[in-house]
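Novice:
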């Protein structure tokens with residue numbers, strides 16, 4: 001078999017395997033209640049499909065001259081032929097009736113109409129196992145020879161091709177990869193895979209089966225065009241269930257004809273709460289799975305790229321248009337289907353347009369399934385009310401809670417010390433009191449595990465809190481008086497931080513006194529983990545990343561609620577004042593006497609600063625984010641601190657901040673001198689939208705047309721580029737010259753062709 005024939009045969013096999021997987025799915029082979037032989041057949045075909053994709057990648061990467069290929073590669077031809085015979089045979093038998101026309105009869109009837117007898121199915125499983133083993137062996141043993149041949153092939157090219165052409169080809173390929181990487185980053189910087197991994201790690205074996213086997217989920221899985229909304233109260237386990245559905249029913253069947261994209265909105269990560277991040281992440285995933293990279297995305301990015309190479313980010317409308325074009329391009333019998341999953345829509349800011357779009361996708365695109373989760377908020381219910389939905393009621397969650405509690409009783413060291421009867425009493429009490437809230441159970445488990453006597457456990461079980469609000473009230477009330485101020489600071493930071501905080505950052509923020517100019521080493525915690533212990537089950541420390549976050553969205557909800565205001569007033573939080581507190585702490589840090597010497601003079605010195613001052617990176621990059629949200633409240637203390645840093649004369653602390661803001665921390669390279677020379681308070685205040693600071697600087701008589709930033713623009717350039725119309729108007733009324741050009745000969749008016757919408761800590 002020649003290389004082209006082998007490549008075509010493998011590609012055909014991948015298509016056939018995708019079709020067979022889809023048919024097995026229609027017959028209900030994926031659910032846990034399906035006959036064993038049917039589930040085994042589906043597993044074998046799915047595994048084989050993955051191996052075929054690996055083989056396809058291998059063959060596509062080999063030389064066109066295969067006359068000297070090893071017997072192992074030659075053996076793959078036989079495997080491919082045998083797989084063709086088996087899969088085509090299965091496809092023909094599964095295609096004898098149109099399952100799609102009979103889906104309304106239910107999965108039970110479809111399963112009853114399974115055309116293969118048990119013996120025949122098991123024989124096919126055995127055949128597939130043999131071919132899978134042969135293919136695995138061939139792929140494994142061929143690796144070394146493949147590498148050797150590839151190296152020889154490259155050497156041959158180098159000897160026969162002109163060196164300049166070879167370098168040109170290398171550059172072209174490298175450029176293609178780099179452009180694609182840049183495009184993906186341009187679409188979205190959200191790390192959706194990490195969030196899925198974290199959610200999956202919380203899933204307890206044996207839980208979630210009720211949702212997989214529910215009639216609503218069965219119907220959604222069968223149809224190529226479907227919508228399902230899962231809603232529930234806070235703490236009912238929606239995110240973990242989403243990861244379970246992805247892992248059990250969706251991701252295992254991803255193929256060229258079954259594309260999948262998902263996203264988790266997260267209150268702990270400001271970027272993940274943006275509708276643009278959701279659409280961008282979905283676009284990234286789909287683009288990587290399409291048979292060919294969508295040119296419309298490259299064209300869109302090109303339109304957003306200035307002559308000097310700078311790019312502005314796409315608007316929501318542009319991302320929506322791109323996603324709809326990509327989805328519409330996949331319609332048709334040869335393109336399979338697409339599954340979109342979005343978790344925690346209620347944690348997305350400005351979600352109305354996103355809700356409308358998801359609804360529109362379902363109504364207008366014929367090959368897309370949509371699965372979303374959220375609380376039952378009025379605006380979400382209004383749009384999704386006519387769609388199929390599943391409510392996380394107590395009756396359906398209780399079994400999962402019972403499984404979770406039983407597992408905890410067996411694995412938690414504190415509960416293993418209890419007698420069997422007391423463990424049983426604990427389990428029964430938690431299941432009865434949870435009211436469908438996993439989060440409530442988690443809090444009680446953590447609190448009960450700290451009790452040292454059986455009597456204390458029994459007493460606690462007699463007076464369990466009624467709900468999450470009462471649970472959080474008790475936790476806060478038990479915080480030691482000496483730790484209360486530290487705990488309040490920590491919780492405020494965690495509730496309003498623009499990104500997840502590292503343990504060392506949180507420990508520093510929790511002990512920082514606002515307005516201080518020198519850090520007292522004696523006020524620092526001897527062990528940063530103490531702050532986690534103080535806050536108890538309200539926070540979560542992620543060992544793998546070192547991050548500390550609020551344990552659940554309901555914690556922030558309570559801290560902002562009227563219940564907290566009346567029950568634990570000291571810990572009550574309001575958005576504006578809390579952002580002001582964080583901003584003032586950041587400014588206090590940047591104004592420390594330790595940075596009064598100005599910018600670091602070397603990478604080593606800069607690295608040492610980050611080590612000695614763990615809150616420096618966050619303070620430098622995010623104080624403006626919090627200040628913009630708080631300065632409108634006429635906070636004189638915050639304004640005073642901001643002006644101390646943005647002094648018209650340009651203080652050493654200001655230039656140190658600019659260095660930390662613009663330096664590449666990963667490379668630990670300080671910025672060059674010209675950047676700090678050009679840095680001006682007015683430019684950066686205009687860039688970050690600090691309108692009150694801009695007013696004060698103009699009143700102080702600063703040079704309104706002075707250059708600043710990386711490209712030598714004026715404050716007007718910065719305000720236009722960052723899309724701050726109020727500041728643009730303010731500067732124009734104060735006499736800003738709109739004809740001034742930056743180093744790229746662009747006036748502020750020239751920049752109006754490019755509108756920025758994504759918040760970015762880096763100034764232009």
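Residue numbers (UniProt numbering): 1 to 764.
Glycine included, each C-beta is placed from N, C-alpha and C at the ideal position.
In this text, all values refer to a predicted model and were calculated from it rather than measured experimentally.
1) For residue 133, count neighbouring C-beta atoms within 10 Å of its own C-beta (all shown protein chains included) and say buried if the count is 16 or more, exposed if not.
2) Applying the 10 Å Cβ sphere with the 16-neighbour rule, what's the burial state of residue 614?
3) Taking Cβ to Cβ, would you say residue 51 is nearer than 8 Å to residue 135?
4) Have a look at residue 715 and residue 525 and give me their C-alpha separation to the nearest angstrom.
5) Would you check if the distance between the CB atom of residue 590 and the CB atom of residue 657 is smaller than 8 Å?
6) What three-state label does DSSP hand residue 131 in the structure shown?
7) What is the DSSP secondary structure of residue 114, reduced to helix, strand or coil?
8) Would you identify the three-state DSSP class for residue 258, choosing helix, strand or coil?
9) Is residue 541 helix, strand or coil when you go by DSSP?
10) Does the segment 570-588 come within contact of the segment 599-607, defined as at least 3 CB pairs closer than 8 Å?
11) Which class does residue 227 belong to by DSSP, given the choice of helix, strand or coil?
12) At 4 residues or longer, and completely inside the segment 282-364: list those alpha helix (DSSP H) runs for me, N to C.
13) Tell me the rounded alpha-carbon separation between residue 752 and residue 641.
14) Output the distance between the C-alpha atoms of residue 676 and residue 700, rounded to the nearest integer angstrom.
15) How is residue 472 classed by DSSP in three states: helix, strand or coil?
16) When you compare the CB positions of residue 647 and residue 655, do they come within less than 8 Å of one another, or not?
17) Going by DSSP in three states, residue 377 sits in which element: helix, strand or coil?
18) Kindly list the residues whose CB is nearer than 7 Å to the CB of residue 248, restricted to its own chain and excluding five residues on each side of it in sequence; keep chain order.
19) Measuring only the C-alpha atoms, how far is residue 734 from residue 746?
20) Indicate whether the contact test is met: 3 or more Cβ pairs, each with one atom in the segment 370-379 and one in the segment 238-245, closer than 8 Å.
21) Which residues in the same chain have their Cβ closer than 6 Å to the Cβ of residue 325, if we skip the five residues on either side of it in sequence?
22) What does residue 264 pair with, by DSSP beta-bridge criteria?
23) Do the segment 481-493 and the segment 561-573 touch if we need at least three Cβ pairs shorter than 8 Å?
24) Grouping DSSP H, G and I as helix and E and B as strand, with all else coil, what is residue 638?
25) Return yes when the Cβ of residue 501 is within less than 8 Å of the Cβ of residue 473, no when it is not.
26) Go to residue 391, then tell me how far its beta strand (DSSP E) extends in each direction, as first and last residue.
27) Per DSSP, which residues does residue 369 bridge with? Please list them.
28) Quick one: what's residue 501 bridged to in DSSP?
29) State the Cα-Cα distance for the pair residue 91 and residue 457, rounded to the nearest angstrom.
30) So, are the CB atoms of residue 216 and residue 390 less than 8 Å apart?
31) State the Cα-Cα distance for the pair residue 507 and residue 597, rounded to the nearest angstrom.
32) Answer with buried or exposed for residue 40, where buried requires no fewer than 16 other C-beta atoms within 10 angstroms of its C-beta.
33) When the Cα atoms are used, what is the spatial distance from residue 254 to residue 260?
34) Since residue 405 contacts residue 436 with CB under 8 Å, what's their CB separation in whole angstroms?
35) If you check the beta carbons only, do residue 454 and residue 422 fall under 8 Å apart?
36) Please state whether the Cβ-Cβ distance between residue 709 and residue 681 is less than 8 Å.
Specialist: The answer reads as follows:
1) It is exposed - the Cβ of residue 133 has fewer than 16 other Cβ atoms within 10 Å.
2) By the beta-carbon neighbour count (other beta carbons within 10 angstroms, threshold 16), residue 614 is buried.
3) Taking 8 Å as the Cβ cut-off, residue 51 and residue 135 qualify as a contacting pair.
4) So the alpha carbons of these two residues sit roughly 42 Å apart.
5) Residue 657 is positioned such that its CB atom lies closer than 8 Å to that of residue 590.
6) Helix at residue 131.
7) DSSP, reduced to helix, strand and coil, places residue 114 outside both helices and strands of the structure shown, so it counts as coil.
8) Strand, per DSSP.
9) In this structure, residue 541 counts as strand in the three-state DSSP scheme.
10) No, because fewer than three Cβ pairs between the segment 570-588 and the segment 599-607 fall closer than 8 Å, the two stretches do not touch.
11) The three-state secondary structure of residue 227, taken from DSSP, is strand.
12) Those alpha helix (DSSP H) runs which fall completely within the segment 282-364 and span 4+ residues are 295-303, 316-329, 352-364.
13) Cα-Cα distance, rounded: 32 Å.
14) Any reading at residue 676 must be qualified, since the residue scores a pLDDT of 48, below 50, and its modelled position is unreliable; the value itself is stated next. Rounded to the nearest angstrom, the two C-alpha atoms are 21 Å apart.
15) Reduced to three states, the DSSP call for residue 472 is helix.
16) No.
17) Residue 377 sits in coil when the DSSP states are folded into three classes, being neither helix nor strand.
18) For residue 248, the CB contacts under 7 Å within the same chain, skipping 5 residues up- and downstream, are 212 in chain order.
19) C-alpha separation (whole angstroms): 21 Å.
20) Segments in contact, yes.
21) Apart from the 5 residues on each side of it in sequence, residue 325 sits with its Cβ closer than 6 Å to the Cβ of 296 in its chain, given in chain order.
22) For residue 264, which the question treats as bridged, DSSP gives the partners 343.
23) At 8 Å Cβ cutoff, the stretches touch.
24) Note: residue 638 maps to helix in three-state DSSP.
25) Cβ atoms of residue 473 and residue 501: not closer than 8 Å.
26) Where residue 391 is concerned, the enclosing beta strand (DSSP E) stretches over 389-391.
27) Per DSSP, 226, 339.
28) According to the DSSP secondary-structure assignment, residue 501 is paired through a beta bridge with 548.
29) Between residue 91 and residue 457, the alpha-carbon positions lie close to 60 Å from each other.
30) Closer than 8 Å, so yes.
31) Their backbone Cα atoms lie some 25 Å apart in a straight line.
32) It is buried - the Cβ of residue 40 has at least 16 other Cβ atoms within 10 Å.
33) Distance between the alpha carbons of residue 254 and residue 260: 6 Å.
34) That belief does not hold up - the Cβ atoms of residue 405 and residue 436 are roughly 13 Å apart, past 8 Å.
35) In terms of Cβ geometry, residue 454 and residue 422 form a close pair [threshold 8 Å].
36) Going by C-beta atoms, residue 709 is not nearer than 8 Å to residue 681.
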